[in-house]
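Start counting at 1 in the sequence shown, then tack on 42, and there's your number in the working numbering.
Even for Gly, the Cβ is constructed at its ideal location relative to N, Cα and C.
Contents: one structure, followed by commentary.
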Amino acid sequence: MERPGASCSREQRSRPRRVTADQSRISTLSEGPGAIVRLAWYPPGLRMEAHAHEVAQASWLLMGGLSEHHGSREYISRRPMAGFKPAGQAHANAYGPAGALILSLNLDAAAAPDFDWSWGPAAPDSLALARRLLTAGDGERDEVAGDLVASLHAPRDRRRATPPAWVERCREALEDDPEGWSIARLARAHGVHRVHLSRSFRDHYGVAPSVFRRRIMAGRALRSLLDGAPRHAAAAAEAGFADEAHFSRTMKSELGVGPRALRTLLH
């Protein structure tokens, strides 16, 4: 026998729930050189009327789906994509049935590329950097954010044969002492902007300097482990990682396996 009020409850549950912008979740991850980095989740079915931002914005759709309208143009995506909007350009948004998880750079005028409104497949390296911001520690986020800003300007398939001397010295410093040299400190030492250093390093070596630095540290920690370091935490600390968890995240992002699994494979 049906319980009194049950049909009413099912009817209420079947009604579409009104979705409002205050149901979104937005967090600032970094306020580093050239940009403010924000991670936002927009609920399913949310619609935003035409609006504009005071600054240029680059965005990566990490999960879910959206549609964005600009004038007579519309872009619809249900898979990871990257987009760009110049400062002051009006656009409207609607978010898909799974909502949308988006990482955005609100760019300083000096850091913003001269692009028109666009959405399209994300370059693998920039998408990897965007995802890395989700797991980076507080001390690492500004470095990764700076590399992500620089990736917007990255030339495609163009590397010069011989880097300038100051770029070579940056590479050597990171190889010799990755723990002691942050990317910001390197930029100050050579009198260049942090984003310019990242862009130049990437042009010549094909990798962001923060990724290069992290790989050097991971290699040193792995060597300590394979040389007989008794604990993973000790190997991580010796290589310059903040803790064992930071070392483990780095190994998993680079190789798909953590240090314990790799050590087992090599013994």
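In the three-state DSSP reduction, Glu221 falls in the coil class, being neither helix nor strand.
The three-state secondary structure of Ser101, taken from DSSP, is strand. Distances from the CA of Phe157 to each of Leu194, Ala165 and Glu185 were compared; the closest alpha carbon is that of Leu194. Contact between Ala281 and Ser266 holds: CB atoms are separated by about 7 Å, below the 8 Å threshold. Secondary structure of Val253 (DSSP, three-state): helix. Secondary structure note for Pro139: its beta strand (DSSP E) is the uninterrupted segment His133 to Leu149.
Between the alpha carbons of Ala226 and Pro139 lies a gap of roughly 41 Å. Residue burial annotation: Ile258 is buried, with at least 16 other C-beta atoms found within 10 angstroms of its C-beta. Contact check between the segment 79-96 and the segment 240-258: fewer than three CB pairs, one atom from each, fall below 8 Å, which does not count as touching. Sequence-distant partners of Ser242 (beyond 5 residues in either direction) whose C-beta falls short of 6 Å from its own C-beta, in its chain, are Val209. Straight-line spacing of the CA atoms in Ala303 and Glu286 works out to 14 Å.
In the three-state scheme derived from DSSP, where H, G and I count as helix and E and B as strand, Trp208 is classed as helix. For Ile144, the closest alpha carbon among the candidates Pro75, Leu264 and Ala164 is that of Ala164. Taking the Cα of Leu149 as reference, the smallest distance to any Cα among Glu91, Pro75, His274 and Thr292 is reached at Pro75.
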